[in-house]
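Trainee: After the structure tokens below, expect a handful of questions from me.
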Amino acid sequence: MKTRADLIAFLDAHQIAHQTVDHPAVFRVGEGEDIKAGLPGVHTKNLFLKDAKGRLWLISAADRTVIDLKRLPPVIGAARLSFGPEALMVETLGVTPGSVTALGLINDTDRRVSFVLDRVLAEAEVVNFHPLTNTATSGLTQAGFQTFLSVLGVVPLVVDFQALQVI
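This note's numbering puts the first residue of the sequence shown at 630, with every later residue one more than the last.
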């Protein structure tokens, strides 16, 4: 599994500009508002999910986006969704609860996780994610984030959560 240092080296090797700021651990949305206030861009919440058929999902959304897990499955082609077990999160994304991040896709070398991206994040100039640990935040430009996904071979399913439809 890749570590924070491996991730930063990967971003640098692919000339993906990033700004990483260390801070006290933040475990859930709503914590660290003072930290967020000092960082430009859209902040995120990330959900690691498993559907009733065993398919794995990672949803990255703006921190204020409302996600209706009961109405979402038919929109993204999933069965009933529930939170994925911690062991599976560690196995596929290399992170623990509180550190879930789209940047964890770097560890999903078998591409077991389907990635759903909030339209708000897909349109943001700068997006902020934990760099595999919840004791830091990394800001990437939209172009940099798209390069990151492209290099990994990840094509996100972009969803407008307000209209509850795929874009």
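Note that the Cβ used here is the ideal one computed from N, Cα and C, for glycine as well.
Give the straight-line distance between the Cα atoms of K760 and R741, rounded to the nearest whole angstrom.
Mentor: Numbered from its first residue, the sequence shown carries residue 760 at position 131. Numbered from its first residue, the sequence shown carries residue 741 at position 112. Residue identity differs from the one stated: residue 760 is Pro in this sequence, not Lys. Their backbone Cα atoms lie some 20 Å apart in a straight line.
Trainee: Can you tell me the Cβ-Cβ gap for L676 and I696, rounded? I've got them flagged as a contact below 8 Å.
Mentor: Counting from one through the sequence shown, the residue named residue 676 turns up at place 47. Counting from one through the sequence shown, the residue named residue 696 turns up at place 67. About 7 Å; that satisfies the 8 Å criterion.
Trainee: Cutting at 7 Å between CB atoms, please list the residues of its own chain near F774, excluding the five before and the five after it.
Mentor: If you number the sequence shown from 1, residue 774 lands on position 145. So the list reads V756, once near-sequence residues are dropped.
Trainee: Can you tell me which of the three DSSP states T776 falls into?
Mentor: Here residue 776 refers to the residue found at position 147 of the sequence shown. T776 falls in the helix class under three-state DSSP.
Trainee: For K679, count neighbouring Cβ atoms within 10 angstroms of its own Cβ and tell me buried if that reaches 16, exposed if not.
Mentor: Locating residue 679 in the sequence shown gives position 50, counting from the first residue. So K679 ends up on the buried side.
Trainee: Look up T766 in the DSSP assignment and give the residues it is bridged to.
Mentor: Stepping through the sequence shown from its first residue, residue 766 is reached at position 137. In the DSSP output, where bridge partners are listed per residue, T766 has V650.
Trainee: List the residues that DSSP assigns as beta-bridge partners of S711.
Mentor: Position 82 of the sequence shown, counting from 1, holds the residue named residue 711. Per DSSP, K679.
Trainee: In terms of residues, what are the limits of the alpha helix (DSSP H) holding A751?
Mentor: Counted from its first residue, the sequence shown places residue 751 at position 122. Element bounds for A751: 748-752.
Trainee: How would you call H672, buried or exposed, if buried means at least 16 neighbouring beta carbons within 10 angstroms?
Mentor: Translated into positions along the sequence shown, residue 672 becomes position 43. With 16 or more other Cβ atoms within 10 Å, it is buried.
Trainee: In the DSSP assignment, the alpha helix (DSSP H) including D739 goes from what residue to what residue?
Mentor: In the sequence shown, residue 739 corresponds to position 110, counting from 1. It is not in any alpha helix (DSSP H) - D739 carries neither H nor E in the DSSP assignment.
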